[in-house]
Amino acid sequence: MEANGSIRTMNRRLAQKVKREGKENPKSPYANRYVGIANGKVIVIAKTLGEMMKALRNSEPDSAKCIGVDLVGDYDQVYEV
Amino acid sequence: MPPVKWPLRNRRPMVELSLVSPKKKRRRRLVADTGGGSDQAPFELVLLDSDCQYTDVAIEGQVQLSGAFVGWFNVYSMIVRISALGFEDSVLVAGVPKVPIGFDGIACFRFLNRFRYGNFGDRNHFGLAK
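Protein chains in written order, with the working numbering: chain S, 474 to 554; chain G, 879 to 1008.
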């Protein structure tokens, strides 16, 4: 459990770094891509969500040890539902 | 392929789909809301937080919603299947604490817009077609 917690923290920190870099630098390999992270490492930079998920599943079956970063969607807007 | 049609539920358009998780397949009935979100929204469905525990993977960051839901909400990636359409894909889902009465969530415009949608000439049904 604690190991999972530490992996989650590592993943989250890396995800925030990837997100910042992808948003700030349009020439970054992460810009406008889906980035899959598992066990504290970038596993895949993909054009589609499905591609990212497939690579993550193949690399780490335990989803608790994975996180995705969406640099395609616009998270700065407010969406009415 | 002919459209897949579902009867209106509480006189509102509905789509029925399955959330695919390694352990179970869960059928969910969602209100079809073409006014929900936009075609560029970073989510296609709105589901209960409790459904999102079956998620494939959490997505870093939150999305800001207004209207029926106000605030910041987590986003997840989930596999969704509509067998009759031969559709299965990963979709982005916003997790919320409650959903419209009589439904399990909302199928937003970005999801519906993957298909042809409408009543296909039958005013008591709503359907999707590829």
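Using N, Cα and C, we set each Cβ at its ideal position, and we do this for glycine too. Treat the numbers as computed from the prediction; the structure is a model and nothing was measured.
In summary, G/G945 is exposed, with fewer than 16 beta-carbon neighbours lying within 10 Å of its beta-carbon over all protein chains present. Chain-ordered, the chain G residues with CB closer than 9 angstroms to the CB of S/K492 read E938 and G939. Closest by C-alpha distance to G/P891, out of G/R904, G/K902, G/T912 and G/S899, is G/T912. In the three-state reduction of the DSSP assignment, S/V545 falls in the coil class. Listed along chain S are V551, Y552, E553 and V554, each with a C-beta nearer than 9 angstroms to that of G/L943.
Here DSSP, grouped into helix, strand and coil, assigns G/I979 to coil.
Neighbours of G/G915 in chain S, taken as residues at a C-beta separation under 8 angstroms, are given in chain order as Y552, E553 and V554.
Annotation note: the region 919-951 of chain G contains the following uninterrupted alpha helix (DSSP H) runs of length 4 or greater, listed N- to C-terminal: 927-930. Here the alpha carbon of S/P534 sits roughly 43 angstroms from the alpha carbon of G/N1002. The Cβ of S/D543 sits closer than 8 angstroms to at least one Cβ of chain G. Nearest in C-alpha terms to G/R887, of all of G/L897, G/K901, G/V909 and G/P881, is G/V909. With a cutoff of 8 angstroms on beta-carbon distance, G/R905 and G/S896 are scored as near each other. At least one CB of chain G lies nearer than 8 angstroms to the CB of S/G546.
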